[in-house]
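Worksheet: one structure, shown below.
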Amino acid sequence: MKASALKAGSTYFRLTYSDPDLTMPGVEPIVYLSEVTDDDGTHGYVFQDTVSYMRFGSGLEGEEQAEEIGLYFV
């Protein structure tokens, strides 16, 4: 999948592994929020965990950030 095909507000899946031999996978649903550039000029993509997205909305919007919001910069 090309990054240009990502759609804000859509759910994707993060694949992780618990062991170095990659035999115990973990799958986590995450919501794509936006393409961003940080203060250092690093370009990437922001995702948020689905639970906090449903509870609080996008972690990139609003003045206050709830501590429970899990953002991932990829």
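Here the working numbering is used: the first residue of the sequence shown is 95, the next is one more, and so on. Ideal Cβ positions, reconstructed from N, Cα and C, are used throughout, including at glycine. Keep in mind that this is a model prediction, so the values were computed, not measured.
Three-way DSSP call (helix, strand, coil) for residue i in this model
i	result
Thr131	strand
Thr144	helix
One or two residues paired with residue i in a DSSP bridge
i	result
Thr110	Gly120
Leu165	Gln142
Thr105	Val125
CB-CB length for residue i against residue j, believed under 8 Å
i	j	result
Ser146	Gly153	7 Å
Check your understanding: Is the stretch 109 to 120 touching the stretch 141 to 149, taking contact as three or more C-beta pairs under 8 Å?
Key -> no
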